[in-house]
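Please read the structure below before turning to the comments.
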Amino acid sequence: MFDANSLVAATTDFVRANQSWAPVLVFLLAFGESISLVSFFIPATVLLLAIGALAEASGLPLAPIWLAATMGAILGDTLSYWIGFRYKDQARGFWPLSRHPDLVARAESFFHRFGVWSVAIGRFFGPIRAVVPLIAGILAMRQIPFQVANILSAALWAFAMLAPGAAVLKMFG
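When the letters of the sequence shown are read in order and numbered with the UniProt record's numbering, they come out as residues 1 to 173.
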(Lines of atoms letter the chains of each structure in order from A and count residues from 1; the text may use other names and numbers.)
(Lines give C-alpha, C1' and ligand atoms only; values in the text may rest on other atoms or scores of the structure.)
Protein backbone atom coordinates (compact mmCIF):
# COMPACT_ATOMS: atom_id res chain seq x y z
CA MET A 1 0.00 0.00 0.00
CA PHE A 2 1.22 3.52 -0.85
CA ASP A 3 2.26 5.56 2.17
CA ALA A 4 2.79 9.26 1.39
CA ASN A 5 4.44 9.92 4.76
CA SER A 6 7.08 7.26 4.09
CA LEU A 7 7.71 8.70 0.64
CA VAL A 8 8.17 12.20 2.03
CA ALA A 9 10.52 10.91 4.75
CA ALA A 10 12.54 8.84 2.27
CA THR A 11 12.77 11.73 -0.19
CA THR A 12 13.88 14.29 2.39
CA ASP A 13 16.38 11.79 3.83
CA PHE A 14 17.77 11.26 0.33
CA VAL A 15 18.09 15.01 -0.28
CA ARG A 16 19.71 15.51 3.12
CA ALA A 17 22.30 12.81 2.35
CA ASN A 18 22.77 13.78 -1.33
CA GLN A 19 22.37 17.55 -1.47
CA SER A 20 23.93 17.88 -4.90
CA TRP A 21 21.05 15.79 -6.28
CA ALA A 22 18.38 18.17 -4.93
CA PRO A 23 17.92 20.11 -8.21
CA VAL A 24 17.66 16.87 -10.21
CA LEU A 25 15.09 15.43 -7.83
CA VAL A 26 13.11 18.69 -7.78
CA PHE A 27 13.17 18.80 -11.58
CA LEU A 28 11.78 15.25 -11.74
CA LEU A 29 9.09 15.99 -9.14
CA ALA A 30 7.92 19.15 -10.93
CA PHE A 31 8.07 17.40 -14.31
CA GLY A 32 6.01 14.46 -13.05
CA GLU A 33 3.55 16.74 -11.28
CA SER A 34 2.95 18.58 -14.55
CA ILE A 35 2.32 15.58 -16.81
CA SER A 36 -1.37 14.87 -17.08
CA LEU A 37 -0.97 11.09 -17.14
CA VAL A 38 1.52 10.90 -14.25
CA SER A 39 0.56 13.68 -11.84
CA PHE A 40 -2.10 11.59 -10.09
CA PHE A 41 0.65 9.45 -8.57
CA ILE A 42 3.16 12.05 -7.36
CA PRO A 43 2.59 13.99 -4.12
CA ALA A 44 4.93 16.70 -5.39
CA THR A 45 3.38 19.60 -3.48
CA VAL A 46 4.25 18.11 -0.09
CA LEU A 47 7.66 17.00 -1.30
CA LEU A 48 8.54 20.39 -2.76
CA LEU A 49 7.46 22.18 0.43
CA ALA A 50 9.62 19.77 2.45
CA ILE A 51 12.60 20.18 0.13
CA GLY A 52 12.26 23.97 0.36
CA ALA A 53 12.48 23.71 4.14
CA LEU A 54 15.34 21.24 3.91
CA ALA A 55 17.24 23.53 1.54
CA GLU A 56 16.94 26.35 4.07
CA ALA A 57 17.99 24.10 6.96
CA SER A 58 20.96 22.71 5.03
CA GLY A 59 22.15 26.01 3.63
CA LEU A 60 21.48 24.91 0.06
CA PRO A 61 21.03 27.80 -2.34
CA LEU A 62 17.37 28.00 -3.32
CA ALA A 63 17.98 29.49 -6.79
CA PRO A 64 19.19 26.29 -8.55
CA ILE A 65 16.42 24.29 -6.90
CA TRP A 66 13.84 26.88 -7.95
CA LEU A 67 15.22 26.88 -11.51
CA ALA A 68 15.05 23.07 -11.62
CA ALA A 69 11.42 23.11 -10.43
CA THR A 70 10.58 25.79 -12.99
CA MET A 71 12.17 23.85 -15.85
CA GLY A 72 10.50 20.60 -14.79
CA ALA A 73 7.08 22.27 -14.66
CA ILE A 74 7.61 23.94 -18.06
CA LEU A 75 8.66 20.71 -19.74
CA GLY A 76 5.90 18.68 -18.06
CA ASP A 77 3.20 21.07 -19.26
CA THR A 78 4.80 21.17 -22.71
CA LEU A 79 4.68 17.38 -22.89
CA SER A 80 1.04 17.36 -21.72
CA TYR A 81 0.21 19.96 -24.39
CA TRP A 82 1.96 17.87 -27.04
CA ILE A 83 0.09 14.70 -26.00
CA GLY A 84 -3.21 16.57 -26.31
CA PHE A 85 -2.22 18.17 -29.61
CA ARG A 86 -0.98 14.88 -31.06
CA TYR A 87 -3.77 12.57 -29.88
CA LYS A 88 -6.68 15.08 -29.76
CA ASP A 89 -9.92 13.59 -28.33
CA GLN A 90 -8.29 10.16 -28.10
CA ALA A 91 -6.16 11.56 -25.22
CA ARG A 92 -9.29 11.90 -23.05
CA GLY A 93 -9.51 8.12 -23.03
CA PHE A 94 -5.96 7.49 -21.83
CA TRP A 95 -5.62 5.94 -18.41
CA PRO A 96 -5.85 7.36 -15.71
CA LEU A 97 -7.85 10.20 -17.32
CA SER A 98 -10.40 7.69 -18.56
CA ARG A 99 -11.22 6.98 -14.91
CA HIS A 100 -11.82 10.69 -14.20
CA PRO A 101 -14.01 12.05 -17.02
CA ASP A 102 -15.44 14.64 -14.63
CA LEU A 103 -11.95 16.07 -14.08
CA VAL A 104 -11.34 16.31 -17.82
CA ALA A 105 -14.74 17.99 -18.28
CA ARG A 106 -13.96 20.48 -15.47
CA ALA A 107 -10.57 21.27 -17.01
CA GLU A 108 -12.16 21.81 -20.42
CA SER A 109 -14.83 24.08 -18.95
CA PHE A 110 -12.10 25.98 -17.08
CA PHE A 111 -10.13 26.32 -20.32
CA HIS A 112 -13.14 27.62 -22.26
CA ARG A 113 -13.94 30.11 -19.52
CA PHE A 114 -10.44 31.56 -19.03
CA GLY A 115 -8.61 30.83 -22.31
CA VAL A 116 -4.87 31.48 -22.13
CA TRP A 117 -5.24 32.47 -18.48
CA SER A 118 -6.40 28.93 -17.70
CA VAL A 119 -2.88 27.66 -18.30
CA ALA A 120 -1.45 30.09 -15.74
CA ILE A 121 -4.28 29.95 -13.21
CA GLY A 122 -4.80 26.20 -13.54
CA ARG A 123 -1.23 25.47 -12.47
CA PHE A 124 -2.20 26.52 -8.93
CA PHE A 125 -5.23 24.23 -8.62
CA GLY A 126 -4.12 20.67 -7.90
CA PRO A 127 -6.77 18.53 -9.53
CA ILE A 128 -6.74 20.36 -12.87
CA ARG A 129 -3.07 21.45 -12.83
CA ALA A 130 -1.81 18.89 -15.30
CA VAL A 131 -5.03 18.43 -17.27
CA VAL A 132 -5.40 22.03 -18.51
CA PRO A 133 -2.27 21.84 -20.74
CA LEU A 134 -3.60 18.58 -22.21
CA ILE A 135 -6.91 20.29 -22.98
CA ALA A 136 -5.01 23.26 -24.46
CA GLY A 137 -3.31 20.81 -26.80
CA ILE A 138 -6.51 18.97 -27.67
CA LEU A 139 -8.16 22.29 -28.53
CA ALA A 140 -5.04 23.39 -30.48
CA MET A 141 -4.29 26.52 -28.46
CA ARG A 142 -1.65 28.56 -30.27
CA GLN A 143 1.88 27.66 -29.13
CA ILE A 144 3.20 31.15 -28.26
CA PRO A 145 0.39 32.16 -25.87
CA PHE A 146 0.53 28.69 -24.33
CA GLN A 147 4.29 28.86 -23.74
CA VAL A 148 4.19 32.41 -22.35
CA ALA A 149 1.54 31.37 -19.81
CA ASN A 150 3.38 28.11 -19.17
CA ILE A 151 6.80 29.69 -18.51
CA LEU A 152 5.60 32.59 -16.37
CA SER A 153 3.26 30.47 -14.25
CA ALA A 154 5.88 27.73 -13.84
CA ALA A 155 8.36 30.21 -12.37
CA LEU A 156 5.78 31.56 -9.95
CA TRP A 157 4.45 28.10 -9.06
CA ALA A 158 7.96 26.75 -8.36
CA PHE A 159 8.64 29.65 -6.02
CA ALA A 160 5.27 29.15 -4.33
CA MET A 161 6.08 25.46 -3.77
CA LEU A 162 9.61 25.93 -2.41
CA ALA A 163 9.59 29.24 -0.58
CA PRO A 164 6.95 28.54 2.12
CA GLY A 165 8.93 25.63 3.55
CA ALA A 166 12.07 27.73 3.61
CA ALA A 167 10.23 30.74 5.10
CA VAL A 168 8.59 28.68 7.87
CA LEU A 169 11.91 27.16 8.83
CA LYS A 170 13.54 30.61 8.79
CA MET A 171 10.83 32.00 11.08
CA PHE A 172 10.68 29.11 13.54
CA GLY A 173 13.98 27.29 12.98
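Beta carbons: idealized from backbone N, C-alpha and C, even for Gly.
Rounding to the nearest angstrom, what Cα-Cα distance links MET1 and PRO43 in this structure?
Residue confidence for MET1 is low, a pLDDT of 46 falling below 50, so the modelled location carries little weight and cannot support an answer.
VAL24: buried (16+ other C-beta within 10 angstroms of its C-beta) or exposed?
exposed
For a test of the three-state rule: what should DSSP assign to ILE144, helix, strand or coil?
helix
In terms of residues, what are the limits of the alpha helix (DSSP H) holding LEU29?
22-34
Hey, is the segment 57-67 in contact with the segment 140-151, meaning 3+ C-beta pairs nearer than 8 Å?
no
Cβ of ALA155 less than 9 Å from any chain B Cβ?
In the displayed structure, chain B is absent; only one protein chain is listed.
Buried or exposed: where does ASP102 fall if 16 or more other Cβ atoms within 10 Å of its Cβ makes it buried?
exposed
Cβ distance (whole Å) where SER109 is taken to contact ILE35 below 8 Å
Not quite, the Cβ-Cβ distance comes to about 21 Å (not below 8 Å), so this is no contact.
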